[in-house]
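Inspection log for the structure reproduced underneath, given as structure tokens.
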Amino acid sequence: MRSGRGNGVRKRRRSLVLSSGPYRLPAELWEPVGGPAGGPEVVFVLCHGSTQKGMRHELIRYLASSLSSRWPVLAFDLPGLGRAPRLIVRGLDDYLYHEHPVAAAELAMELTGLPSVLVGHSMGGRVVLQAASRGQEEGLVVGVATLAGLYELPADPAEMEVLLADFASYVRVGFELPMDHLAREVAEARPTHRAVERLRIPLLAVEAGRETYGFIRESRYEIFRMARCPKTLILLGGADHKFKGHHRLLPDLIARWAELRLRGREGN
16 MRSGRGNGVR KRRRSLVLSS GPYRLPAELW EPVGGPAGGP EVVFVLCHGS TQKGMRHELI
76 RYLASSLSSR WPVLAFDLPG LGRAPRLIVR GLDDYLYHEH PVAAAELAME LTGLPSVLVG
136 HSMGGRVVLQ AASRGQEEGL VVGVATLAGL YELPADPAEM EVLLADFASY VRVGFELPMD
196 HLAREVAEAR PTHRAVERLR IPLLAVEAGR ETYGFIRESR YEIFRMARCP KTLILLGGAD
256 HKFKGHHRLL PDLIARWAEL RLRGREGN
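First residue of the sequence shown? That's 16 in the working numbering, and the numbers climb one at a time after it.
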């Protein structure tokens, strides 16, 4: 266990192991000393994007340090990324990753007694949307925030196969089914559309005005419009996909949204 001070608030950080299916994933719990300092009683669960830094990515680290001034924060590495073991893809769900944030929310509930708000950047945003649509049913997840992560995967199997090849180039992964077969499954599944259609808990989508990826620019507004949950969209006009130069804004936006949307949830 390590203690530190950030934003004038003492915090402690614990290294953990998250058991999720066959994987044992590195995780960390950040907590303000003395417990949550006002606002909604929740724990934030952070999900990184497609980066070999995993939860040590600069943005995830900054969010964990900032949000833990007031709330518990749990971060973890997805399989094949960070310090996690190699990802084995035997079927669609293995590639979509959505089971791991649910397992993280279960661990967070076990450790803190609090429901989770899932926060994901880039690929992590897509992953937490799917996880939230499942975790909301049991009250395990009460809010979800995506950071440049509100998008649908390509509906064209050929485009999806190109994306899978790119995925395989930077993730430690083994495929136990043909990549063209998986590409067809993903293209037909429309996982983000299905997740957003089921979503009933509050959604925050923070998008980059200088978004790099065309498939994100082309699908994010359609997906936001189709959501029937309490929803908030913020477009940071000067931000790129990694929010370089805008990290300091994000914890404040997330905190203000949580206070607005979640403060009275116990009575809803």
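Even for Gly, the Cβ is constructed at its ideal location relative to N, Cα and C. Bear in mind that the values here come from a model prediction, so they are computed numbers and not experimental data.
Cβ-Cβ distance between residue i and residue j below 7 Å
| i | j | result |
| --- | --- | --- |
| A220 | L165 | yes |
| V88 | A79 | yes |
| G140 | T127 | no |
| E43 | A90 | yes |
| L250 | S148 | no |
| V157 | V143 | no |
| Y77 | H262 | yes |
| R278 | P130 | no |
| E200 | L102 | no |
| G135 | C62 | yes |
| H256 | E226 | yes |
| M124 | G97 | no |
| V117 | G150 | yes |
Residue interval of the beta strand (DSSP E) (run including residue i)
| i | result |
| --- | --- |
| T133 | The identity of residue 133 in the sequence shown is Leu, whereas the question assumes Thr. Unbroken beta strand (DSSP E) run through L133: S131 to H136. |
| G43 | The displayed chain sequence assigns Glu, not Gly, to residue 43. That run of the beta strand (DSSP E) goes Y38 to P47. |
| K246 | K246 to D255 |
| F258 | It is not in any beta strand (DSSP E) - F258 carries neither H nor E in the DSSP assignment. |
| L89 | V88 to F91 |
| G189 | V188 to F190 |
As assigned by DSSP and simplified to three states, the class of residue i
| i | result |
| --- | --- |
| T66 | coil |
| L214 | coil |
| Y166 | coil |
| R205 | coil |
| Y112 | coil |
| R225 | strand |
| E281 | Residue confidence for E281 is low, a pLDDT of 43 falling below 50, so the modelled location carries little weight; the figure read from the coordinates is stated next. Of the three classes helix, strand and coil, the one that applies to E281 here is helix, per DSSP. |
| F239 | helix |
| L122 | helix |
| L61 | strand |
| G106 | coil |
| G150 | helix |
| L268 | helix |
| L31 | strand |
Continuous alpha helix (DSSP H) stretch holding residue i: start and end
| i | result |
| --- | --- |
| L178 | P172 to Y185 |
| A99 | No alpha helix (DSSP H) holds A99; DSSP gives it neither H nor E. |
| E73 | E73 to L82 |
Chain-order list of residues whose beta-carbon lies under 6 Å from that of residue i (same chain, five-residue window excluded)
| i | result |
| --- | --- |
| M138 | G64 and S65 |
| R25 | V48 |
| S34 | none |
| P217 | G158, P245 and R276 |
Cutoff 7 Å: residue i Cβ touching any chain D Cβ
| i | result |
| --- | --- |
| L126 | Considering every chain present, this structure includes no chain D. It has just one protein chain. |
Own chain, CB closer than 8 Å to residue i, minus 5 neighbours either side, in chain order
| i | result |
| --- | --- |
| E176 | M194, D195 and A198 |
Counting Cβ pairs, one atom from each stretch, are 3 or more of them under 8 Å apart for the region 198-216 and the region 99-115?
yes
message: With three or more C-beta pairs closer than 8 Å as the rule, is the region 260-268 touching the region 234-242?
response: no
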